[in-house]
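Peer 1:
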Amino acid sequence: MVVPKAFSHIGLRAADVDSTTASLEHLIGVNVVDRGEITNADWERDVQYATLELADKTIFVVHPTPYEAAGLVEPLDPGIAHYGVEVDSIDAALDDWSDDTVLMEPFDLGDTRYAFCTGPDNTRIELVESLTD
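In this note's numbering, the protein residues as written are 15 to 147.
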């Protein structure tokens, strides 16, 4: 069983990262922590992103999602794409998932490891592991 360390974030799939970020700043007062682009040689496309803070929670606004960029799913409509859960070990957590529910195998970006899975009712769950703990 996955033992979560913490709720990590909400992943929001946007049609336009800058426009969505500006709207959220105006409407609900999010703070922009970071903006940029994620590049992975194995993916078909780069991912534009903004990291936002809302009170004590994190929202990642992305276009496209990493699993879209990797060509693993058809293009998604804008909206909530997934939620992230921090775990001690992605490898241990994935022991509880069947092969057909692991949407995207683990990959590292900087000092963090990620994997995406498909949960009940087709919800997408991102497992997040810090590699520096």
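Using N, Cα and C, we set each Cβ at its ideal position, and we do this for glycine too. Being a predicted model, the structure only gives us computed values, none of them experimental.
Using a threshold of 7 Å, state whether the C-beta atoms of Arg27 and Leu90 are closer than that.
Peer 2: What you label residue 27 is simply residue 13 of the sequence shown in a count that begins at 1. What you label residue 90 is simply residue 76 of the sequence shown in a count that begins at 1. Yes.
Peer 1: Please state whether the Cβ-Cβ distance between Glu51 and Gly98 is less than 7 Å.
Peer 2: Here residue 51 refers to the residue found at position 37 of the sequence shown. Here residue 98 refers to the residue found at position 84 of the sequence shown. No. Outside cutoff.
Peer 1: Taking only three categories from DSSP, how would you classify Ser103?
Peer 2: Position 89 of the sequence shown holds residue 103. The answer is coil: DSSP assigns Ser103 none of H, G, I, E or B.
Peer 1: Where do the N-terminal and C-terminal ends of the alpha helix (DSSP H) with Ala36 fall, by residue?
Peer 2: Counting from 1 along the sequence shown, the entry for residue 36 is found at position 22. Counting along the chain, the alpha helix (DSSP H) containing Ala36 begins and ends at 31-42.
Peer 1: Return the chain-ordered list of same chain residues with a C-beta closer than 8 Å to the C-beta of Lys71, the five sequence neighbours on each side being excluded.
Peer 2: For the purposes of this step, residue 71 is taken as the residue at position 57 of the sequence shown. The answer, listed in chain order, is Phe21, His23, Ile24.
Peer 1: Using beta-carbon positions only, say whether Tyr81 and Phe130 come within less than 7 Å of one another.
Peer 2: On the sequence shown, residue 81 is found 67 positions in, with the first residue counted as 1. On the sequence shown, residue 130 is found 116 positions in, with the first residue counted as 1. It is a contact, given that the beta carbons lie within the stated cut-off.
Peer 1: If distances are taken between C-alpha atoms only, which option among Thr132, Thr35, Asn45 comes closest to Asp114?
Peer 2: For the purposes of this step, residue 114 is taken as the residue at position 100 of the sequence shown. Nearest C-alpha to Asp114: Thr132.
Peer 1: Could you give the distance in angstroms between the alpha-carbon of Val44 and the alpha-carbon of Thr79?
Peer 2: Along the sequence shown, one-based indexing puts residue 44 at 30. Along the sequence shown, one-based indexing puts residue 79 at 65. Taking the straight line joining both Cα atoms gives about 21 Å.
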